[in-house]
Amino acid sequence: DRFMAAWKRAGFSVAGHLVFTKNYTSKSAYVAYRHECAYILAKGSPARPRNPLPDVLGWKYSGNRHH
Numbered sequence: 003d004r005f006m007a008a009w010k011r012a013g014f015s016v017a018g019h020l021v022f023t024k025n026y027t028s029k030s031a032y033v034a035y036r037h038e039c040a041y042i043l044a045k046g047s048p049a050r051p052r053n054p055l056p057d058v059l060g061w062k063y064s065g066n067r068h069h
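As structure tokens, then:
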């Protein structure tokens, strides 16, 4: 997609992604949307962390109605 292509042109690669689970539905259509996602971008070959984060984390509502 456009974001992936732009990141690659800028020298980044996708090192992973995170999923944040929510205890409320932010939108619904055919399914109830109860998560947010984020990509972890890397440039070059960074060292791996000693204690990597789990790829699924809880979401704390910030009060911002757009999230």
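In this text, residue positions in the sequence shown follow my numbering: the first is 3, and each later residue adds one. Just so it is clear, CB atoms sit at the ideal spot from N, CA and C, and this is done for glycine as well. Fair warning: this is a prediction, and the values are worked out from it, not measured in the lab.
Note down, in chain order, each residue of its chain lying with its Cβ closer than 7 Å to the Cβ of Trp-61, except the 5 sequence neighbours on either side. Excluding sequence positions up to five before and after Trp-61, its CB lies within less than 7 Å of the CB of Phe-22, Thr-23, Lys-24, Glu-38, all in the same chain and listed in chain order.
Look at Lys-70 and Phe-14 and say whether their C-beta atoms are less than 7 Å apart. With the chain running from 3 to 69 in the structure shown, residue 70 is simply not present.
Would you identify the three-state DSSP class for Lys-62, choosing helix, strand or coil? coil
Could you work out which residue in His-19, Pro-51, His-68, Ala-49 is closest to Leu-59 when comparing CA atoms only? That would be His-19, whose Cα lies nearest to the Cα of Leu-59.
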